[in-house]
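> Each number in our numbering comes from the position in the sequence shown (counting from 1) with 246 added on.
Cβ atoms here follow ideal geometry from the backbone N, Cα and C, with glycine treated the same way.
Treat the numbers as computed from the prediction; the structure is a model and nothing was measured.
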Amino acid sequence: MYQGKIINWSEVGGDDLPIKVINRSPKSGSYNFFQDVVLLGESFAPDSSNFITYQTDVTTPILRELNNNGISYTTVAQAKNQTTVRIIPINGISPVDQTTPNNDNYPLSRSVFLAVPNQTILAVKKFLELA
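#1: Taking C-alpha atoms, which residue in F359, P341, R310 and T299 lies nearest to S274?
#2: Just to confirm the assignment, what range does the beta strand (DSSP E) spanning V267 have?
#3: May I ask which residues mark the beginning and end of the beta strand (DSSP E) holding I336?
#4: Exposed or buried, which one is S294 when buried takes at least 16 other CB atoms within 10 Å?
#5: Enumerate, from N- to C-terminal direction, the unbroken alpha helix (DSSP H) stretches of 4 or more residues contained entirely within the segment 294-337.
#6: Do we get a CB-CB distance below 8 Å when we pair G338 with the residues of chain D?
#7: Determine the contact status of T305 and Q281, defining contact as a CB-CB distance below 8 Å.
#8: Looking only at DSSP bridge pairs, what is N254 linked to?
#9: For T302 and P335, what's the separation of their Cα atoms in angstroms?
#10: Nearest to G260 by alpha carbon, out of A291, I268 and N315?
#11: Among the residues of its own chain, which have a CB less than 6 Å from the CB of K266, if the five just before and after it don't count?
#12: Using a Cβ-Cβ cutoff of less than 7 Å, which residues in the same chain neighbour L309 once the five nearest sequence positions on both sides are dropped?
#13: Taking the straight line between their C-alpha atoms, what separation do you get for N313 and V358?
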């Protein structure tokens, strides 16, 4: 789908509808993560009427554009409280499984690290102790 090899939902057991891919901005960390991990470093399909790449890192307009034949990707934090989208389990594992906090078993997960200068103020040091 993201490389233009699958272009209709009927190819994966869905209705006979064109797949509309809504891609995040190349400036987005999610874009880079998805390209590296899911596409294994390969390129996304070029933009077309059914493949749209946003140039700014926004989530709400992407979700609005999905309609009934769209697909996109985002962080769990941005999608979990949305009523118009469905978060897809992979291999039966949901990233929002409440029984496993910070579910590292979901195949598409990444770590986020905090970075601060060596010389930093006391408030930042105290915050880092809590993190």
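Straight from the coordinates:
#1: T299
#2: K266 to N269
#3: Counting along the chain, I336 falls outside any beta strand (DSSP E), and DSSP gives it neither H nor E.
#4: Flag for S294 reads exposed.
#5: 306-311 and 322-325
#6: Of the protein chains in the structure, only one exists, and it is not chain D.
#7: no
#8: DSSP lists P264 as the beta-bridge partner residues of N254.
#9: 27 Å
#10: N315
#11: N296, N315 and G316
#12: Q328, T330 and V331
#13: 31 Å
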